[in-house]
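Written below as structure tokens is the structure these notes are about.
Residue numbers (this note's numbering): 4 to 234.
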């Protein structure tokens, strides 16, 4: 956890960064936040990081974010680069937002252009929908990965010995690969060897789970079908 202690009058502006071991991600998060702070004329703020902490870990259990929940008071501002920094679980994101806004803390998600003080009802609706779709997309990737491997086995395809990654990490591999991350960067984030990631990606391509393109595209039509099937 890293902090810079600065205040704006009686108000504290918190900038929260949740990062992996990829330094580029730190820079991109901070750049988008700095742009918003500059537009608002805010020069003093407190940076709190959670390094190497998965978005799947509940906010209250993260060393850095738990400090924000403990210290934030009415009138304070929390700025994140995007909503997913708060968490990947819809339930956790909503609980965290409710706790913060219930204390009178202003929450800003820069990428989505969300601000809890602009329109309270609209903010609740939009944050719920965005968190829901992030949750669904992750579940869609998990399901597609699982079903793709199952189909491959049914067709008699040999996938070799099981990878040293559990299902959750397999999903993370697909997500990062989808975003254009290299095998080496993915390996650094998951703390495994690049050869392991390359082998897993090769098997997923052979199984038909991934396309041959470097960046995998989520099929929005299929996603809608999945969503519709849940109803």
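Even glycine gets a Cβ: it sits at the ideal position worked out from N, Cα and C.
As the structure is a computational prediction, the values presented were derived from the model and not from experiment.
*What's the C-alpha gap between residue 114 and residue 29?*
The residue you call residue 114 lines up with position 111 of the chain shown. The residue you call residue 29 lines up with position 26 of the chain shown. Rounded to the nearest whole angstrom, the C-alpha separation of residue 114 and residue 29 is 15 Å.
*Specify the secondary structure class of residue 89 as computed by DSSP and reduced to three states.*
In the chain shown, residue 89 corresponds to position 86, counting from 1. Note: residue 89 maps to coil in three-state DSSP.
*asked:* So, with DSSP's three-state summary, where would you put residue 76?
replied: Position 73 of the chain shown, counted from the first residue, corresponds to residue 76. Secondary structure at residue 76: coil, using DSSP grouped into helix, strand and coil.
*Quick one: give me the first and last residue of the alpha helix (DSSP H) that residue 189 is part of.*
Position 186 of the chain shown, counting from 1, holds the residue named residue 189. Per DSSP, residue 189 belongs to the alpha helix (DSSP H) from 186-193.
*What is the residue span of the beta strand (DSSP E) that residue 42 lies within?*
For the purposes of this step, residue 42 is taken as the residue at position 39 of the chain shown. Per DSSP, residue 42 belongs to no beta strand (DSSP E); it is in the alpha helix (DSSP H), 26-42.
_Validate contact between the segment 34-53 and the segment 14-23 using beta carbons, cut 8 Å, 3 pairs_ = yes
*residue 32 classed as buried or exposed, judged by whether at least 16 other C-beta atoms fall within 10 angstroms*: Stepping through the chain shown from its first residue, residue 32 is reached at position 29. Buried, because 16 or more other Cβ atoms sit within 10 Å of the Cβ of residue 32.
*Would you identify the three-state DSSP class for residue 46, choosing helix, strand or coil?*
Here residue 46 corresponds to residue number 43 of the chain shown, with the count starting at 1. Residue state, collapsed to three classes: coil.
*What is the rounded straight-line gap between the Cα of residue 13 and the Cα of residue 107?*
For the purposes of this step, residue 13 is taken as residue 10 along the chain shown, with counting starting at 1. For the purposes of this step, residue 107 is taken as residue 104 along the chain shown, with counting starting at 1. Spanning the two alpha carbons is a distance of roughly 14 Å.
*Please go through the same chain and pick out, in chain order, the residues whose beta-carbon is closer than 7 Å to the beta-carbon of residue 84, but skip the five residues on each side of it.*
Your numbering for residue 84 matches position 81 in the chain shown. Sequence-distant partners of residue 84 (beyond 5 residues in either direction) whose C-beta falls short of 7 Å from its own C-beta, in its chain, are 32, 35, 36, 113 and 114.
*Beta-carbon separation of residue 62 and residue 68 under 7 Å?*
Taking the first residue of the chain shown as position 1, residue 62 is located at position 59. Taking the first residue of the chain shown as position 1, residue 68 is located at position 65. Yes; because the gap between Cβ atoms is below 7 Å, this pair is in contact.
*Please state whether DSSP places residue 102 in a helix, a strand or coil.*
Taking the chain shown and counting its residues from 1, the one referred to as residue 102 is at position 99. Reduced to three states, the DSSP call for residue 102 is helix.
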